[in-house]
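Contents: one structure, followed by commentary.
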Amino acid sequence: MPKSSFFNICLFLSLLVFSCQKEKAKTTRSVKPKVDGMVWIPAGIFEMGASESDAMALSHEKPKHAVKVDGFYMDETEVTNAQFSKFIEATAYVTTAERPVDWDLIKSQLPPGTPKPHDSLLKPGSLLFKKTKQSVPNLYDFSQWWRWSIGANWKQPHGKGSSIIGRENHPVVHISFEDALSYCQWAGRRLPTEAEWEYAARGGKKNKIYFWGNLSNSLSKYVNSWEGEFPVNNTQADGFEKSAPVKTFPPNDFGLYEISGNVWEWTSDWYNINYYESCRKNSLTNNPNGADSAYNPNNPYIEEKVIRGGSFLCNDSYCASYRVSSRMATDPNTSLEHLGFRTVLVVNK
Numbered sequence: 013m014p015k016s017s018f019f020n021i022c023l024f025l026s027l028l029v030f031s032c033q034k035e036k037a038k039t040t041r042s043v044k045p046k047v048d049g050m051v052w053i054p055a056g057i058f059e060m061g062a063s064e065s066d067a068m069a070l071s072h073e074k075p076k077h078a079v080k081v082d083g084f085y086m087d088e089t090e091v092t093n094a095q096f097s098k099f100i101e102a103t104a105y106v107t108t109a110e111r112p113v114d115w116d117l118i119k120s121q122l123p124p125g126t127p128k129p130h131d132s133l134l135k136p137g138s139l140l141f142k143k144t145k146q147s148v149p150n151l152y153d154f155s156q157w158w159r160w161s162i163g164a165n166w167k168q169p170h171g172k173g174s175s176i177i178g179r180e181n182h183p184v185v186h187i188s189f190e191d192a193l194s195y196c197q198w199a200g201r202r203l204p205t206e207a208e209w210e211y212a213a214r215g216g217k218k219n220k221i222y223f224w225g226n227l228s229n230s231l232s233k234y235v236n237s238w239e240g241e242f243p244v245n246n247t248q249a250d251g252f253e254k255s256a257p258v259k260t261f262p263p264n265d266f267g268l269y270e271i272s273g274n275v276w277e278w279t280s281d282w283y284n285i286n287y288y289e290s291c292r293k294n295s296l297t298n299n300p301n302g303a304d305s306a307y308n309p310n311n312p313y314i315e316e317k318v319i320r321g322g323s324f325l326c327n328d329s330y331c332a333s334y335r336v337s338s339r340m341a342t343d344p345n346t347s348l349e350h351l352g353f354r355t356v357l358v359v360n361k
């Protein structure tokens, strides 16, 4: 996938790489005490991975494999700016995008011989999306619509000078994997495994492409995504150009809001392109934690984590990642304008 040298350097400046009758899955229902802001996801068995009817499915979403997960609580929404602000106030934590840039660390994750960029670029920041003026010939050359923005971070989500004032109920973004883990530790939670995430996202439905069913013509009703020609014109048929406030769109059958679209969400699993294939040998996998190690031949210099759910930038023309089986590999040190998280809580039996 071609990328300009400048874009590759900018990516790594913040250690960023992208980069009717309803059928129900088998679940075990039980009455659980309420946890503020969370919903109970009952234990169950489901088939993880893309359906054969999903024409947009990529090879790393297959083959389907049977998985059993125990019950757990999950945030009903993505973690918001207001919630993350309380964490910062309590801990004085500094996010990845706000820290000084360490060129020696960056260089260790770049191809040998990569030249050092000008010092003016080696400053804290993150990647922001920028629309193109005309159609692009290659929708997999992400350098055409991402730009390095010094000063972009969770408090300034759209670049230096922007603010989260008035956006307290929007999902927090520009969050690295470490940032999400630190919040979880403070809150007494953890990130969901990839299996937990997909099981929860399906909402008890089986063999469905989206959490609401198989019809994509309902997209703007259920999901904040890119409508129109990407990355040139967003018609905002869903009402939003960028992130939407949480609880804007209908929840899935488990009560989870914006589980598809809006912003990508971290999971705890390593990304390994061979992992799903390795699951084929098991008739049933219990509470999987994903691959033992990371492997992505398209990005051999970085050990990546799995992110899920898609974002306000997803479009049928190149990713449609609001599908419940969709997955993407991302550098744990990544912080992006469309990347956030939600947490889970496991209660001892």
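The working numbering applies: residue 13 is where the sequence shown begins, and numbers increase by one. Just so you know, even glycine gets a beta-carbon here, dropped at the ideal spot from N, CA and C.
(request) Could you tell me the distance, in whole angstroms, from the CA atom of GLY225 to the CA atom of CYS291? (result) Along the sequence shown, one-based indexing puts residue 225 at 213. Along the sequence shown, one-based indexing puts residue 291 at 279. If I take the Cα positions, the gap works out to 25 Å.
(message) Tell me which residues share the same chain as GLU349 and place their Cβ nearer than 8 Å to its Cβ, disregarding the 5 neighbours each side in the sequence.
(response) Counted from its first residue, the sequence shown places residue 349 at position 337. If we look at GLU349 and ignore the five residues flanking it on each side, its Cβ neighbours are SER138, LEU139, LEU140, PHE141, ALA164, PRO169, HIS170, VAL185, HIS186 and LYS254.
(request) Rounded to whole angstroms, what's the CA-CA distance from ALA67 to LEU325? Just pull it up for me. (result) Here the question's residue 67 lines up with position 55 in the sequence shown. Here the question's residue 325 lines up with position 313 in the sequence shown. Taking the straight line from one Cα to the other gives about 20 Å.
(request) Compute the Euclidean distance between the alpha carbons of ASN264 and TYR234, then round it to the nearest angstrom. (result) The residue given as residue 264 occupies position 252 in the sequence shown. The residue given as residue 234 occupies position 222 in the sequence shown. Roughly 9 Å separates the two Cα atoms.
(message) ARG202 and THR355 - do their beta-carbons sit closer together than 8 Å?
(response) Counted from its first residue, the sequence shown places residue 355 at position 343. Counted from its first residue, the sequence shown places residue 202 at position 190. Closer than 8 Å, so yes.
(message) With a threshold of 6 Å on Cβ separation, who are the neighbours of LYS172 within its own chain once the five nearest residues in sequence on each side are excluded?
(response) One-based indexing of the sequence shown puts residue 172 at position 160. The answer, listed in chain order, is GLY163.
(request) Assign GLY125 to buried or exposed, taking buried as 16 or more other Cβ atoms, counted over all protein chains shown, within 10 Å of its Cβ. (result) Position 113 of the sequence shown holds residue 125. Looking at its Cβ environment, which holds fewer than 16 other Cβ atoms inside 10 Å, GLY125 is exposed.
(request) Count the other C-beta atoms from every protein chain shown that fall within 10 angstroms of the C-beta of ARG177, then say buried if there are 16 or more, exposed otherwise. (result) The count along the sequence shown starts at 1 and reaches residue 177 at position 165. The displayed chain sequence assigns Ile, not Arg, to residue 177. ILE177 should be labelled exposed.
(request) Compute the beta-carbon to beta-carbon distance between PRO75 and GLU277, rounded to the nearest angstrom, for a pair I have assumed lies under 8 Å. (result) Numbered from 1 along the sequence shown, position 63 holds the residue referred to as residue 75. Numbered from 1 along the sequence shown, position 265 holds the residue referred to as residue 277. In fact, because the Cβ distance is near 24 Å, the residues do not count as touching under 8 Å.
(message) Quick check: PHE266 and GLY215, are their CB atoms within less than 8 Å of each other?
(response) Indexing the sequence shown from 1 puts residue 266 at position 254. Indexing the sequence shown from 1 puts residue 215 at position 203. For PHE266 and GLY215, yes; Cβs fall inside 8 Å.
(message) Counting C-beta neighbours from all protein chains within 10 Å, is the total for HIS130 16 or more, i.e. buried, or is it exposed?
(response) Translated into positions along the sequence shown, residue 130 becomes position 118. The residue in question, HIS130, is exposed, as its Cβ has fewer than 16 Cβ neighbours within 10 Å.
(request) Evaluate THR144 with the Cβ neighbour count: other Cβ atoms within 10 Å of its Cβ, from every protein chain shown; 16 or more gives buried, anything less gives exposed. (result) For this step, residue 144 is matched to residue 132 along the sequence shown. Answer is exposed; the Cβ neighbour count stays below 16.
(request) Sort VAL148, PRO204 and ASN294 by Cα distance to GLU90 and report the nearest one. (result) The count along the sequence shown starts at 1 and reaches residue 90 at position 78. Among VAL148, PRO204 and ASN294, the Cα nearest to that of GLU90 is on PRO204.
(request) Indicate whether ALA397 and TRP198 have their beta-carbon atoms separated by less than 8 Å. (result) Outside the displayed range of the chain (13 to 361) lies residue 397, so it cannot be described from this structure.
(request) Please work out which residues of its chain come closer than 7 Å, Cβ to Cβ, to ALA306, disregarding the five sequence neighbours upstream and downstream, and give them in chain order. (result) The residue you call residue 306 lines up with position 294 of the sequence shown. Hits under 7 Å: TRP282, TYR283, ASN284, GLU315 and GLU316.
(request) From the DSSP output, in three-state form, read off TRP158 for me. (result) Here residue 158 is taken as the residue at index 146 of the sequence shown, counted from 1. DSSP places TRP158 in strand when its eight states are reduced to three.
(message) If I follow the unbroken beta strand (DSSP E) through LYS317, where does it start and stop?
(response) Within the sequence shown, residue 317 is the residue found at index 305, counting from 1. Per DSSP, LYS317 belongs to the beta strand (DSSP E) from 317-320.
(request) Take the Cβ of LYS217 as the centre, count every other Cβ of all protein chains shown within 10 Å, and call the residue buried at 16 or more, exposed below. (result) For the purposes of this step, residue 217 is taken as the residue at position 205 of the sequence shown. The residue is buried, with at least 16 neighbouring Cβ atoms inside 10 Å.
(request) Mark GLY240 as exposed unless 16 or more other C-beta atoms lie within 10 angstroms of its C-beta, in which case mark it buried. (result) The sequence position of residue 240 within the sequence shown is 228, counting from 1. Label assigned to GLY240: exposed.
(request) If I'm right that SER329 touches LEU151 with Cβ under 8 Å, what's the distance once you round it to whole angstroms? (result) The residue given as residue 329 occupies position 317 in the sequence shown. The residue given as residue 151 occupies position 139 in the sequence shown. 6 Å between Cβ atoms; contact.
(message) So for ALA303, helix, strand or coil by DSSP?
(response) In the sequence shown, counting from the first residue as 1, residue 303 sits at position 291. Three-state result, ALA303: strand.
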